[in-house]
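Everything below concerns the one structure shown next.
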Amino acid sequence: MTLDINKIRKDFPILEEQVHGKPLVYFDNAATTQKPRQVIDEMVKYYYKYNSNIHRGVHYLSNKSTDGNENARKIVQEFINAKHLHEVIFTRGTTEAVNLVANSFAERFIQEGDEVIVSEMEHHSNIVPWQMVCDRKKAILKVLPFDDNGELMLEKLEGLITAKTKILAVNHISNSLGTINPIREIIKIAHAKNVRVLIDAAQSVQHKKIDVQDLDPDFLVFSGHKIYGPTGIGVLYGKEDLLNEMPPWQGGGEMIKEVHFEGTTFNELPFKFEAGTPNYIAAIGLGEAIKYVEALGLENINAYEQELLAYATEKLSSIEGLRIFGTAKQKTSVISFLVEGIHFYDMGMLLDQMGIAVRTGTHCTETVMQHFNIDGTVRASFAFYNTKEEIDALYKGILKVCKMFVH
Ligand code: PMP
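Start counting the sequence shown at 1; every next residue gets the next number (the UniProt record's numbering).
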């Protein structure tokens, strides 16, 4: 099915906005995506009509909100094809989900001298939590490197794994390079050596269909706001047996069975890992966002975004002095670039004056920047509501900036 982009764009009110008197061209989708009316309306509906704290009440409103939250959990379960509903845990986002796993998994499974592997192209949120637990546990953090195209050096993985390796944490798609990593192979290699795997799917669930039973990661995490849902909600998927073995991370209401001063017993999954009042309205918004994306079809979304990527790569590559960082064979719709002699902040700020929103800096991947010995890049990331005309505007905008910098 070909997507009707003009019709789709009408679902996203923000795309009609003007910025500095120019029509908005939003190319910062890897940082966060815009929200369709359907998501916003559903959340507003709950605030207007049904809002009440969940899981605690016997009254009508509480039941409505609880049902909304649990229905969203079901939508997520079906979306990623988790075997059990209680394998879906709601968090604040990817960052919180990684912190939850790092802390709880380490508490149960990581001892002094053990090893954790991450890749060189991780977002800070999939490095720092592991570094913190490794420091605490006196464990060792090892790094799987990538090459100058931005592809992981898979041939080095087996050599990195030892009998002490407990877990490998890697992203499915890099937010700063766009590389699609061969996670099926990575998971196979790790599992053959009894190493658990966490997949950071923050940049992939919005582009590619994921089936956790087929792919077989031990954990998979993502954020609602990058898949056209609201901020403040994310997902941790984990295998039931593993989650059952792991201790709770945060304590508080909801996660307990019985509390006595002599000791506390904990609730069952998924509530054991959901302390406190959850962001149920955001969970409901996430459910609606997933329904929206599924109605368009991830295959259709991906096909169109690949078209945008190819078009933009060709246009931008033709600009003299422009270098793209991240030239992997398998890429998603992210282009990180620099133009010789022009600082990324200058480029970003001047494009902004033309109404074009791109991200500048390290994109929370300082180790990627260190690999290329640069301080940052300009990043344009495309979603299914973007158009070739908008890419033309970016192309012309970059040329205009280049002209300004010619002395
Ligand atoms: N991992 C990747 C690959 C990301 O792109 C991001 C967000 N930029 C994160 C993790 C962190 O997500 P959040 O800030 O929503 O927790």
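Ideal placement from N, C-alpha and C gives every residue a C-beta, glycine not left out.
Since we're looking at a predicted model, the values are computed, not measured.
For H207, the nearest candidate out of R184, E389 and T33 (CA to CA):
Mapped onto the sequence shown, residue 207 falls at position 207. In terms of Cα proximity to H207, the closest of R184, E389 and T33 is T33.
Whose C-beta lies closer than 7 Å to the C-beta of Q250 among residues of the same chain, with five residues either side of it excluded?
In the sequence shown, counting from the first residue as 1, residue 250 sits at position 250. These residues qualify, in order along the chain: A275.
Counting only runs that start and end within the stretch 91–157, where is the beta strand (DSSP E) found for 3 or more residues in a row?
List check, beta strand (DSSP E) in window: 115–119 and 140–144.
Are the Cβ atoms of I180 and T332 separated by less than 9 Å?
Residue 180 sits at position 180 when you count from the first residue of the sequence shown. Residue 332 sits at position 332 when you count from the first residue of the sequence shown. Yes. Within cutoff.
Please tell me whether, using a cut-off of 8 Å, the distance from the CB of Q203 to the nearest non-hydrogen atom of ligand 1 is below it.
By one-based count along the sequence shown, residue 203 stands at place 203. Yes, the beta carbon of Q203 sits closer than 8 Å to at least one heavy atom of ligand 1.
What runs of the alpha helix (DSSP H), each 4 residues or longer, lie entirely inside the stretch 278–363?
Whole alpha helix (DSSP H) segments, 4+ residues: 280–296, 298–317 and 344–353.
Segment limits, beta strand (DSSP E) that includes R196
Counted from its first residue, the sequence shown places residue 196 at position 196. Boundaries of the beta strand (DSSP E) around R196: R196 to D200.
What do you reckon, are the CB atoms on V116 and I80 nearer than 9 Å?
Translated into the one-based positions of the sequence shown, residue 116 becomes position 116. Translated into the one-based positions of the sequence shown, residue 80 becomes position 80. Using a Cβ distance threshold of 9 Å, V116 and I80 do not count as a contacting pair.
Per DSSP, S52 is paired with what?
Taking the sequence shown and counting its residues from 1, one reaches residue 52 at position 52. Under DSSP, no beta-bridge partner is assigned to S52.
Within 8 Å, do at least three Cβ pairs link the stretch 358–378 to the stretch 286–303?
The stretch 286–303 makes no contact with the stretch 358–378; the number of CB pairs closer than 8 Å stays below 3.
Ignoring anything shorter than 3 residues, give me the beta strand (DSSP E) runs that lie fully in the stretch 201–255, in order along the chain.
Here the runs fully enclosed are 219–223 and 234–238.
Excluding the five sequence neighbours on either side, which residues of its own chain have a C-beta within less than 7 Å of the C-beta of residue 409, listed in chain order?
Residue coverage of the chain in this structure runs from 1 to 407, which leaves residue 409 outside it and unanswerable.
Could you give the DSSP three-state label for residue 454: helix, strand or coil?
Shown here, the chain extends from 1 to 407; a query on residue 454 therefore has no answer.
Since G113 and K74 should fall inside the 8 Å C-beta cutoff, what is the C-beta to C-beta distance between them, to a whole number of angstroms?
Your numbering for residue 113 matches position 113 in the sequence shown. Your numbering for residue 74 matches position 74 in the sequence shown. K74 and G113 do not touch by the CB rule: their CB atoms are close to 42 Å apart, not below 8 Å.
Contact check, D200 vs T94, beta carbons under 9 Å
Within the sequence shown, residue 200 is the residue found at index 200, counting from 1. Within the sequence shown, residue 94 is the residue found at index 94, counting from 1. In this structure, T94 lies closer than 9 Å to D200 by Cβ.
Nearest-angstrom Cα separation, counted from S174 out to M121:
Numbered from its first residue, the sequence shown carries residue 121 at position 121. Numbered from its first residue, the sequence shown carries residue 174 at position 174. Between M121 and S174, the C-alpha separation is close to 7 Å.
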